[in-house]
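Student: Below you will find the structure I want to go over with you.
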């Protein structure tokens with residue numbers, strides 16, 4: 004058990020190191036740097052001014068030096084400065100994290116609270132019209148481009164209520180705070196609810212076909228008891244796994260949704276930082292996301308082991 | 117649970133013969149949704165192949181005099197702000213979407229298969245390295261990776277395909293690897309080894325064909341999401357550039373300006389994307405039921 | 059947070075004191091103007107930027123020596139009013155421009171404003187100080203200035219190499235604020251200090267920009283507003299929807315496209331929308347140093363093939379202007395008159411006749427129906443650039459040119475142009491002031507940094523200097539017309555059209571003036587008030 008944990012943690016470190024290398028060099032492959040963009044905004048290019056600026060920002064140094072500088076700083080807790088705002092990177096990133104976290108949390112909640120019950124119903128009523136209807140609805144949820152769904156929601160709410168749920172940093176009322184997060188969260192969550200529903204349904208179906216369920220039925224347990232006490236509990240494992248994976252997958256949906264609903268979270272900030280070639284922001288933010296994803300996977304694996312006694316801590 | 121014996125079920129259902137066409141009809145009846153998906157997909161592929169014949173106008177020709185025309189007998193889906201025929205652009209857009217969907221899925225899947233097969237079959241340090249690389253790719257958000265890749269390669273059709281394909285590789289590789297690991301222990305592989313078949317030959321002749329079913333299921337499921345990824349990239353300004361009539365860009369750009377004043381510019385590309393993705397998803401579901409009954413649902 | 063409250067309380071107090079003294083028909087004090095911003099500017103330093111994304115939110119923080127009258131839509135030389143200067147005079151055979159400065163003005167950090175600040179600002183712009191701007195896009199504006207001299211704390215003189223009446227126009231632009239000497243260029247990028255009607259509060263990249271009323275503003279009873287808040291919304295449809303839903307008092311100025319103006323009017327009929335020229339021209343940059351466009355016949359053929367009306371009808375539903383380098387009349391002061399314009403090749407009304415002529419030129423260069431010329435049209439990956447490029451490619455088809463669009467990301471655009479790694483490019487040129495000196499020297503003089511094509515014609519360059527020194531406005535205009543015509547005939551940088559854009563505001567926003575011959579100068583916002 005202990006040896007397994009050590010091994011897992013070591014592998015996590017290797018993965019994180021790999022991610023740092025990949026994102027660092029990938030960003031350098033992207034043509035153009037912050038200085039090019041600043042000069043584009045200034046409408047001219049002066050080679051001497053450009054060289055000065057590159058020197059000032061340290062992006063004239065050999066790549067390996069730049070990499071070591073970054074990692075060295077990270078280890079000392081120095082995250083560098085944003086090239087654009089010239090403020091400490093941490094000061095730019097930290098306040099934006101809770102916004103995205105709240106959005107993501109609500110979206111996952113939405114996804115689970117809609118997806119799991121519907122998945123169970125669909126499985127229990129397999130083959131009925133209700134099952135078909137739910138499957139079609141969930142599939143269409145997966146077929147709509149998420150920015151399109153968001154824009155439709157905004158357009159419809161302006162057309163119908165003359166109001167729109169746009170981000171408000173200092174909500175006055177409880178309702179306003181709710182609208183700030185709930186509507187965009189629903190727009191992201193709709194898609195992952197569809198995914199959750201499908202996984203719940205198929206894992207539920209698989210469990211329902213297991214021998215012990217048949218035994219329970221044969222022993223005269225009521226349908227409800229079989230469905231909800233025995234089967235659901237066991238069908239939850241893959242669902243938990245999938246929700247874990249979705250947390251990482253969600254980022255893509257969040258980028259688009261934060262753009263449509265103009266929410267100043269980290270996801271949109273990351274895209275803007277890529278556009279500006281703001282290396283310190285992109286690198287640190289991607290590392291942050293990677294740490295979250297890697298730890299989420301680790302936690303899911305651990306949960307899995309706890310929930311399912313058949314899995315033991317070996318490799 | 118064992119795989120369903122369709123022939124048996126067919127006989128049980130009272131079908132007199134087990135001929136090809138009847139078999140198809142039977143499957144279609146059992147999988148109504150899947151059949152609907154297949155029809156949509158066929159329509160989609162047909163449109164893409166015969167775009168030149170089906171389109172009534174050149175999708176790129178600008179016509180200032182007929183800009184923003186409402187849908188009419190002449191322009192079935194109206195025209196855009198450049199006076200280009202929306203119907204013809206949608207028809208040609210099917211090509212682009214098919215190229216993106218098939219291209220990136222095929223590219224991602226084939227690299228994923230090679231990686232997964234090698235990794236699962238060789239084990240040892242090769243496996244360890246591949247595993248780490250796929251860990252790394254999976255910890256990077258897919259859309260972010262695609263964004264950086266398109267920025268690095270420049271926006272063009274092939275580059276967008278590559279950018280969307282790369283994040284698919286680890287997903288495919290994982291599934292293939294797991295299957296390969298399981299297959300390696302199967303008696304028929306042991307038998308092949310014992311009669312002195314070379315490792316490569318075993319991998320290609322015995323292991324690969326047996327991983328095809330999960331691969332096809334996975335690839336079909338990905339097909340739809342690659343089309344959506346392209347649309348999201350377009351929305352963020354990094355999709356397939358003009359003049360290619362990409363559905364994603366048609367939708368994301370006109371959505372901004374014309375959602376109320378010229379709704380046909382928004383409605384039709386939206387329907388096209390959703391229908392194509394919906395069709396591939398329906399079909400993918402049915403395919404999963406048929407090929408991978410364990411996952412049946 | 060506490061400081062914001064304190065400021066608000068202070069502002070509220072000042073409302074009480076002022077409202078008793080102001081007249082009834084004047085503006086009401088109070089309220090925060092809520093606007094959206096189209097993108098996140100690189101930084102807050104006006105002198106280091108060349109986009110109005112910086113001017114609009116930060117012009118209210120500053121004052122110039124002189125400024126175009128803020129409630130006059132057309133920028134004219136005789137509508138320039140004093141700001142930090144109290145008066146000015148041309149002396150020494152029009153070779154010295156002397157300003158008497160306003161006394162008792164304070165920077166937002168409490169330090170007094172003096173002539174040293176003026177000298178510092180312009181010395182830095184001319185690159186004469188140790189401390190430098192990180193970027194200095196308008197250095198060339200001061201090419202004719204020898205030096206700046208001060209006489210005591212409240213007099214400053216610009217000593218010129220030769221007379222240049224237009225210098226005053228350049229100094230009246232929103233691009234020419236006076237910076238404090240005691241604040242470093244770096245600090246001006248992150249936390250600008252000015253003397254203007256509003257103080258900088260905060261700038262959160264990609265999120266918001268906040269300004270608050272300067273209670274010590276030297277102009278008594280101004281500004282009316284308690285503050286201005288910009289929410290940064292890069293997604294245009296979200297921004298417009300938010301305006302329609304009443305979340306904003308005003309759109310980002312001159313950024314609403316014609317179809318969107320229609321949309322706003324249909325959804326919010328009470329909103330006031332104004333469509334005005336922006337003095338931004340859409341033009342073609344031609345790489346005449348390499349084949350095929352080193353051939354003047356092919357350049358001419360391209361100029362002849364343009365159907366400018368079609369561009370305008372597609373891009374602006376007909377509401378754009380056709381002209382040469384200078385913004386066309388009546389909004390533009392210097393633009394070519396219609397009769398003269400139509401004599402320039404490609405500007406004639408008969409497009410098909412022009413194209414026949416173009417085809418002959420192409421045939422002369424060896425191309426024809428069987429042998430098309432393949433051309434790459436490079437442009438930035440932004441709709442205002444990309445859309446006209448699509449139309450251009452379509453129009454070039456009519457003269458045996460097969461164009462292929464080459465979209466370039468912002469980061470790579472200027473390096474690509476500087477490398478001459480293009481055949482033709484579709485480009486936008488914004489003119490800060492409606493003045494020939496700014497436009498000609500910046501875009502067409504040999505060696506200018508913003509002369510992207512490196513067009514260099516010594517003969518015409520001499521004429522630039524002649525018009526620049528001319529003090530008689532009538533004579534100068536004739537010269538400018540002649541130059542503009544020759545630039546178009548040379549196909550130096552063919553101008554396709556001059557754009558018009560809309561600005562919308564809610565009916566209770568009063569005192570808005572949209573300038574009609576520049577989109578860079580009208581954002582001091584001290585006269586704006588809310589009738590709520």
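Chains as they are written, first to last, in the numbering used here: chain A, 4 to 318; chain B, 117 to 413; chain C, 59 to 590. All C-beta atoms, glycine included, are put in the ideal place defined by N, C-alpha and C.
With a cut-off of 8 Å on the beta carbons, I'd call residue 51 of chain C and residue 183 of chain C a contact; round off their distance for me.
Tutor: Examination of residue 51 of chain C is not possible in this model, given that chain C is present from 59 through 590 alone.
Student: Name the chain C residues whose beta carbon is nearer than 9 Å to that of residue 90 of chain A?
Tutor: Sequence index remark: in the first chain, residue 90 of chain A carries index 87 (1-based). Neighbours of residue 90 of chain A on chain C, chain order: 248, 263.
Student: Per DSSP, which residues does residue 260 of chain C bridge with? Please list them.
Tutor: Here residue 260 of chain C refers to the residue found at position 202 of the third chain. Its beta-bridge partners are C:268.
Student: Looking only at C-alpha atoms, which of C:224, C:126, C:127, C:104 sits nearest to residue 530 of chain C?
Tutor: On the third chain, position 472 is the one that residue 530 of chain C refers to. With distances taken between Cα atoms, residue 530 of chain C lies closest to C:224.
Student: For residue 253 of chain B, tell me which candidate among B:280, B:275, B:189, B:217 has the shortest Cα-Cα distance.
Tutor: Start at 1 with the first residue of the second chain, and residue 253 of chain B comes out as number 137. It is B:280.
Student: Bridge partners for residue 287 of chain C per DSSP, in chain order?
Tutor: Here residue 287 of chain C corresponds to residue number 229 of the third chain, with the count starting at 1. Residue 287 of chain C pairs with C:92, C:268.
Student: Where does the unbroken alpha helix (DSSP H) through residue 134 of chain A begin, and where does it stop?
Tutor: Working through the first chain from its first residue, we reach residue 134 of chain A at position 131. Segment 132-146, the alpha helix (DSSP H) holding residue 134 of chain A.
Student: Using a Cβ-Cβ cut-off of 7 Å, state whether residue 377 of chain B counts as contacting chain C.
Tutor: Start at 1 with the first residue of the second chain, and residue 377 of chain B comes out as number 261. Taking Cβ atoms only, chain C reaches closer than 7 Å to residue 377 of chain B, which makes this a yes.
Student: Runs of 4 residues minimum, wholly inside the stretch 135-211 of chain A: which ones carry the alpha helix (DSSP H) assignment?
Tutor: With a minimum length of 4 residues, the continuous alpha helix (DSSP H) runs that stay inside the stretch 135-211 of chain A are 149-164, 177-211.
Student: Determine the burial state of residue 147 of chain B: buried for a count of at least 16 other Cβ atoms within 10 Å of its Cβ, exposed for fewer.
Tutor: As a working mapping, residue 147 of chain B is identified with position 31 in the second chain. The residue is buried, with at least 16 neighbouring Cβ atoms inside 10 Å.
Student: Listing by chain order, which chain B residues have their CB less than 9 Å from the CB of residue 444 of chain C?
Tutor: Numbered from its first residue, the third chain carries residue 444 of chain C at position 386. Per Cβ cutoff of 9 Å: 357, 358.
Student: For my contact list, residue 321 of chain C and residue 377 of chain B are in at a C-beta cut-off of 8 Å; report their separation, rounded to the angstrom.
Tutor: Locating residue 321 of chain C in the third chain gives position 263, where the first residue counts as 1. Locating residue 377 of chain B in the second chain gives position 261, where the first residue counts as 1. Rounded, the Cβ-Cβ distance is 5 Å, consistent with contact.
Student: Go through its chain and collect everything with a Cβ distance to residue 81 of chain C's Cβ below 6 Å, but skip five positions before and after it.
Tutor: Translated into the one-based positions of the third chain, residue 81 of chain C becomes position 23. Confidence at residue 81 of chain C is low in this model, with a pLDDT of 45, below 50, so the placement of that residue should be treated as unreliable; the coordinate-derived value is given next. For residue 81 of chain C, where only same-chain residues beyond five positions count, there are no Cβ hits under 6 Å.
Student: Within the stretch 90-116 of chain A, note down every full beta strand (DSSP E) run reaching 3 residues or more, in order along the chain.
Tutor: Taking only runs of at least 3 residues, no beta strand (DSSP E) segment lies wholly in the stretch 90-116 of chain A.
Student: From what residue to what residue does the alpha helix (DSSP H) around residue 559 of chain C run?
Tutor: Taking the first residue of the third chain as position 1, residue 559 of chain C is located at position 501. From DSSP, residue 559 of chain C is part of no alpha helix (DSSP H) but of the beta strand (DSSP E) over 553-563.
Student: Taking the alpha carbon of residue 200 of chain C as the point to measure from, which residue in C:216, C:522, C:546 has its own alpha carbon closest?
Tutor: Translated into the one-based positions of the third chain, residue 200 of chain C becomes position 142. Nearest of C:216, C:522, C:546 to residue 200 of chain C, Cα basis: C:216.
Student: I'd like the list of long-range same chain contacts for residue 374 of chain C, defined as Cβ closer than 6 Å, with 5 residues on each side in sequence excluded.
Tutor: In the third chain, residue 374 of chain C corresponds to position 316, counting from 1. Result list for residue 374 of chain C: 316, 558, in chain order.
Student: Going by DSSP in three states, residue 498 of chain C sits in which element: helix, strand or coil?
Tutor: Reading the third chain from its first residue, position 440 is the one you call residue 498 of chain C. Here residue 498 of chain C sits in helix by DSSP.
Student: Mind checking the stretch 144-155 of chain A against chain B and listing, in chain order, the residues whose C-beta falls within less than 9 Å of any C-beta there?
Tutor: Those residues of the stretch 144-155 of chain A that come within reach of chain B (Cβ to Cβ, closer than 9 Å) are 145, 146, 147, 148, 149, 150, 151, 154, 155.
Student: Output the boundary residues of the alpha helix (DSSP H) element that contains residue 467 of chain C.
Tutor: Taking the third chain and counting its residues from 1, one reaches residue 467 of chain C at position 409. That residue, residue 467 of chain C, is in no alpha helix (DSSP H); it is neither H nor E in DSSP.
Student: Residues of chain A with CB closer than 8 Å to the CB of residue 305 of chain C, please, in chain order.
Tutor: Walking along the third chain from the start, residue 305 of chain C turns up at place 247. Those are 167, 169, listed as they occur along chain A.
Student: Given that residue 272 of chain A touches chain C, what residues does it touch there, using C-beta distances under 7 Å?
Tutor: The residue you call residue 272 of chain A lines up with position 269 of the first chain. Those are 264, listed as they occur along chain C.
Student: Measuring only the C-alpha atoms, how far is residue 221 of chain C from residue 152 of chain C?
Tutor: Sequence index remark: in the third chain, residue 221 of chain C carries index 163 (1-based). Sequence index remark: in the third chain, residue 152 of chain C carries index 94 (1-based). Cα to Cα, the separation comes out at about 5 Å.
Student: Are the CB atoms of residue 549 of chain C and residue 361 of chain C within a distance shorter than 7 Å?
Tutor: To locate residue 361 of chain C, count along the third chain from 1; it is residue 303. To locate residue 549 of chain C, count along the third chain from 1; it is residue 491. A contact, by the Cβ cut-off of 7 Å.
Student: Counting only Cβ pairs nearer than 7 Å, list the residues of chain A close to residue 267 of chain B.
Tutor: Reading the second chain from its first residue, position 151 is the one you call residue 267 of chain B. Going along chain A in sequence order, the residues near residue 267 of chain B (Cβ under 7 Å) are 33, 277.
Student: Please name the residues in the stretch 368-402 of chain B whose beta-carbon is closer than 9 Å to at least one beta-carbon of chain C, in chain order.
Tutor: Flagged, chain order: 369, 371, 372, 373, 374, 375, 376, 377, 378.
Student: Would you call residue 239 of chain C buried or exposed, if buried means 16 or more other Cβ atoms sit within 10 Å of its Cβ?
Tutor: In the third chain, the residue the question calls residue 239 of chain C occupies position 181. With 16 or more other Cβ atoms within 10 Å, it is buried.
Student: Out of C:192, C:392, C:167, state which residue places its alpha-carbon closest to the alpha-carbon of residue 273 of chain C.
Tutor: On the third chain, position 215 is the one that residue 273 of chain C refers to. It is C:167 whose Cα lies nearest to the Cα of residue 273 of chain C.
Student: Within the 7 Å Cβ cut-off, does residue 198 of chain B reach chain C?
Tutor: If you number the second chain from 1, residue 198 of chain B lands on position 82. Residue 198 of chain B counts as touching chain C.
Student: Could you check whether the Cβ of residue 347 of chain B sits closer than 7 Å to any Cβ belonging to chain A?
Tutor: For the purposes of this step, residue 347 of chain B is identified with residue 231 of the second chain, where counting begins at 1. Taking Cβ atoms only, chain A reaches closer than 7 Å to residue 347 of chain B, which makes this a yes.
Student: Which term fits residue 212 of chain A, buried or exposed, when burial requires 16 or more other beta carbons within 10 angstroms of its beta carbon?
Tutor: Along the first chain, read from residue 1 onward, the residue named residue 212 of chain A stands at position 209. Exposed: under 16 other Cβ atoms inside 10 Å.
Student: Verify the CB distance criterion: does residue 259 of chain A have a CB-CB separation below 7 Å to chain C?
Tutor: In the first chain, counting from the first residue as 1, residue 259 of chain A sits at position 256. Chain C contact via Cβ: absent.
Student: On the DSSP letters alone, give me the boundaries of the alpha helix (DSSP H) that residue 244 of chain C sits inside.
Tutor: In the third chain, counting from the first residue as 1, residue 244 of chain C sits at position 186. Segment 243-248, the alpha helix (DSSP H) holding residue 244 of chain C.
Student: Does the CB of residue 107 of chain C have a neighbour CB from chain A at under 7 Å?
Tutor: As a first step, residue 107 of chain C must be located in the third chain, where it is residue number 49. At least one chain A Cβ lies under 7 Å of residue 107 of chain C.
Student: Could you check how far apart the C-beta atoms of residue 124 of chain C and residue 230 of chain C are, in whole angstroms? I think they sit under 8 Å.
Tutor: On the third chain, residue 124 of chain C is found 66 positions in, with the first residue counted as 1. On the third chain, residue 230 of chain C is found 172 positions in, with the first residue counted as 1. That belief holds up - the Cβ atoms of residue 124 of chain C and residue 230 of chain C are roughly 5 Å apart, short of 8 Å.
Student: Keeping to the same chain, check which residues put their C-beta closer than 8 Å to that of residue 248 of chain C; ignore five residues upstream and five downstream.
Tutor: Residue numbering aside, residue 248 of chain C sits at position 190 when the third chain is read from its first letter. These residues qualify, in order along the chain: 101, 102, 261.
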